[in-house]
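Right, one structure below, let's go through it.
2 protein chains.
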Amino acid sequence: MEYVAEKCVNLRIFEDNQGKMNRSLLDTGGQALVVSQFTLHADTRKGRRPSFNRAAPPDIAKSMYEQFVQRLRTFGIHTETGVFGAYMQVEIHNTGPVTLMIDSEI
Amino acid sequence: MEYVAEKCVNLRIFEDNQGKMNRSLLDTGGQALVVSQFTLHADTRKGRRPSFNRAAPPDIAKSMYEQFVQRLRTFGIHTETGVFGAYMQVEIHNTGPVTLMIDSEI
């Protein structure tokens, strides 16, 4: 969690005045919205029905999600969250678009 | 491309009447919006600056993107696209939210 949170706040993924990816979330004074999404762990290789066996059980996943949010807040990032495990409608405005995957061993 | 397109149209990721993930894009008569995004191939492991070395050169990437769009249309899916390589603002309404990663060897 520490590794992923550190990447999220420090990766230079926002534009500077020259339009180059040069500024981090901390540099820009940005905020975070954290939404858990177990479907990212779907295994789609077999047949037509995705398998979610690789996703953590809800109690473990919820604890990791909460740790991650706490870490971001420790960096001074104003962090809003979704509701863990809830059915939600998430509205995203993706400028660029830019989407990165950051993973860690645990 | 054939593999990924076939997964996109046939994976059972939409809800049936009982709220179960049971229906595919073909089953629901849904449409597709295809937006290319090289940042998904960012390597964020070293330091604070993402590396995009793993992303394909633009000419190869554009050809693959166009092939993918054509494959979807061959399945009878109404498919809209973004503009390859352009700076865009993409508005997404993600219900669930549900996001899956589908990858192939080439």
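Note that the protein sequences, when read in sequence, are chains U and G.
Start counting the first sequence at 1; every next residue gets the next number (the UniProt record's numbering).
Start counting the second sequence at 1; every next residue gets the next number (the UniProt record's numbering).
Note that the Cβ used here is the ideal one computed from N, Cα and C, for glycine as well.
Query - Whole-number beta carbon distance between U/L26 and U/A32, since they are thought to touch under 8 Å - result: Reading the first sequence from its first residue, position 32 is the one you call residue 32 of chain U. Reading the first sequence from its first residue, position 26 is the one you call residue 26 of chain U. Not quite, the Cβ-Cβ distance comes to about 11 Å (not below 8 Å), so this is no contact.
Report task. State the Cα-Cα distance for the pair G/I102 and G/H41, rounded to the nearest angstrom. Result -> Your numbering for residue 102 of chain G matches position 102 in the second sequence. Your numbering for residue 41 of chain G matches position 41 in the second sequence. Going from the Cα of G/I102 to the Cα of G/H41 covers about 13 Å.
Query raised in the report: If you count every other CB in all the chains shown that lies within 10 Å of the CB of G/Y65, and 16 or more means buried, which is it?
Result: Mapped onto the second sequence, residue 65 of chain G falls at position 65. Per the 10 Å Cβ criterion, buried.
Query - Nearest-angstrom beta carbon gap, U/Q89 and residue 132 of chain G [assumed within contact, 8 Å] - result: This structure does not reach residue 132 of chain G, given that chain G is present from 1 up to 106, and the question cannot be answered.
Requested in this report: Rounded to whole angstroms, what's the CA-CA distance from U/A5 to G/K20? Just pull it up for me.
Outcome: In the first sequence, residue 5 of chain U corresponds to position 5, counting from 1. In the second sequence, residue 20 of chain G corresponds to position 20, counting from 1. Taking the straight line from one Cα to the other gives about 33 Å.
Query raised in the report: G/M88 versus chain U: which residues are under 9 Å apart at the beta carbon?
Result: By 1-based counting over the second sequence, the position of residue 88 of chain G is 88. Within chain U, the residues placing a beta-carbon under 9 Å from that of G/M88 are N94, T95, G96 and P97, ordered along the chain.
Requested in this report: Provide the residue span of the beta strand (DSSP E) that contains U/V34, from first to last.
Outcome: Here residue 34 of chain U refers to the residue found at position 34 when the first sequence is read from its first residue. Looking at the DSSP string, the run of the beta strand (DSSP E) that includes U/V34 is A32 to V34.
Requested in this report: For G/V34, return the contacting residues in chain U, with the cut-off set at a CB-CB distance below 8 Å.
Outcome: Against the second sequence, residue 34 of chain G aligns to sequence position 34. Chain U residues near G/V34: none, gap ~12 Å exceeds 8 Å.
**Report entry** Distance, G/T74 Cα to U/F68 Cα
**Finding:** Taking the first sequence and counting its residues from 1, one reaches residue 68 of chain U at position 68. Taking the second sequence and counting its residues from 1, one reaches residue 74 of chain G at position 74. Between U/F68 and G/T74, the C-alpha separation is close to 43 Å.
**Report entry** Under 9 Å from the C-beta of U/Q37: neighbouring residues of chain G
**Finding:** Residue numbering aside, residue 37 of chain U sits at position 37 when the first sequence is read from its first letter. In chain order: N94, G96, P97, V98 and T99.
Query raised in the report: What residues of chain U sit near G/R12, judged by a beta carbon separation below 8 Å?
Result: What you label residue 12 of chain G is simply residue 12 of the second sequence in a count that begins at 1. Result: R48, R49 and P50.
Query raised in the report: Would a check of beta-carbon distances place U/A42 closer than 8 Å to chain G?
Result: The residue you call residue 42 of chain U lines up with position 42 of the first sequence. Residue-level contact check: U/A42 touches chain G, since one or more beta carbons of chain G fall below 8 Å from its beta carbon.
Requested in this report: Give me the Cα-Cα distance between G/F52 and G/E2, rounded to the nearest whole angstrom.
Outcome: Reading the second sequence from its first residue, position 52 is the one you call residue 52 of chain G. Reading the second sequence from its first residue, position 2 is the one you call residue 2 of chain G. G/F52 and G/E2: Cα-Cα distance of roughly 25 Å.
Query - Boundaries of the beta strand (DSSP E) in which G/V90 is found, first to last residue - result: Here residue 90 of chain G refers to the residue found at position 90 when the second sequence is read from its first residue. It spans M88 to G96 - the beta strand (DSSP E) in which G/V90 sits, taken as one unbroken run.
Query raised in the report: Quick one: what's got a C-beta closer than 8 Å to G/L100's C-beta in the same chain, skipping five residues either side?
Result: Residue numbering aside, residue 100 of chain G sits at position 100 when the second sequence is read from its first letter. Excluding positions up to five away in sequence, the list reads L11 and I13.
Requested in this report: Using a Cβ-Cβ cut-off of 8 Å, state whether G/K7 counts as contacting chain U.
Outcome: Residue mapping note: residue 7 of chain G aligns to position 7 of the second sequence, counting from 1. By this cut-off, G/K7 is an interface position.
**Report entry** Own chain, CB closer than 7 Å to U/V98, minus 5 neighbours either side, in chain order
**Finding:** Position 98 of the first sequence, counted from the start, is the residue given in the question as residue 98 of chain U. These residues qualify, in order along the chain: I13.
Query raised in the report: Bridge partners of U/E80, per DSSP?
Result: As a working note, residue 80 of chain U is residue 80 in the first sequence. Note: U/E80 sits in a beta bridge opposite U/L33.
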